[in-house]
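Numbering (this note's numbering), first residue to last: 101 to 272.
Encoded structure:
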């Protein structure tokens with residue numbers, strides 16, 4: 101059966117407050133105590149290593165603790181946070197995180213192929229046939245994009261993250 105591609109590009113903009121919630125939740129789940137302290141300062145750092153810096157005062161103490169969360173740790177915290185808040189995320193696809201003026205941008209990009217529900221499309225005049233109009237034969241050559249076709253915009257520099265499966269959902 102012939103298939104058509106669906107390209108998905110999701111950008112989640114997570115402000116500083118959301119990033120702090122996500123890392124505190126992750127720290128708490130891993131047995132940490134940051135969530136029980138008083139947050140004195142939260143800031144986004146870009147140099148020398150990009151990430152989130154928290155300065156927390158321990159409960160019942162005057163001592164403070166500085167904790168730096170790198171971009172890969174933030175990505176893990178965002179995935180877990182979205183899962184707990186029931187924000188659906190695709191399991192497969194490339195994941196990137198970058199710093200923005202709003203906070204952090206978490207990007208997930210992937211392509212899936214679904215079964216075509218229509219017959220082949222007619223060839224367009226003066227241009228290449230769309231990929232979906234190619235015949236069902238696997239031996240049919242694909243046409244190359246013409247020079248007039250605009251190139252896809254290059255993504256902004258970001259930290260690529262390995263694809264990780266989503267945690268299994270608990271049955272309540």
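Glycine residues also receive a C-beta, built at the ideal position from the N, C-alpha and C atoms.
These numbers were taken from a predicted model, which means no experiment stands behind them.
If we ignore side chains and look at the alpha-carbon of each, how far apart do residue 211 and residue 178 end up? Numbered from 1 along the chain shown, position 111 holds the residue referred to as residue 211. Numbered from 1 along the chain shown, position 78 holds the residue referred to as residue 178. Straight-line Cα distance between these residues: approximately 22 Å.
Could you check if residue 168 is buried or exposed, using at least 16 other CB atoms within 10 Å of its CB as the buried criterion? In the chain shown, the residue the question calls residue 168 occupies position 68. The residue is exposed, with fewer than 16 neighbouring Cβ atoms inside 10 Å.
Mind the definition here: the stretch 129-136 touches the stretch 192-201 only if three or more C-beta pairs lie below 8 Å; say whether that holds. At 8 Å Cβ cutoff, the stretches do not touch.
Proximity to residue 105 [Cα-Cα], best of 118, 203 and 214: Indexing the chain shown from 1 puts residue 105 at position 5. Per the Cα distances, 214.
Measuring CA to CA, which of 181, 180, 182 and 139 is closest to residue 165? Position 65 of the chain shown, counted from the start, is the residue given in the question as residue 165. Taking each of 181, 180, 182 and 139 in turn and checking the Cα distance to residue 165, the smallest one comes out for 139.
Would a C-beta distance cut-off of 8 Å place residue 199 and residue 144 closer than the cut-off? Position 99 of the chain shown, counted from the first residue, corresponds to residue 199. Position 44 of the chain shown, counted from the first residue, corresponds to residue 144. The criterion of a C-beta distance shorter than 8 Å is satisfied by residue 199 and residue 144.
What three-state label does DSSP hand residue 112 in the structure shown? Here the question's residue 112 lines up with position 12 in the chain shown. In this structure, DSSP gives residue 112 an extended state, which the three-state scheme calls strand.
Helix, strand or coil: which one does DSSP assign to residue 172? Taking the chain shown and counting its residues from 1, the one referred to as residue 172 is at position 72. Here residue 172 sits in helix by DSSP.
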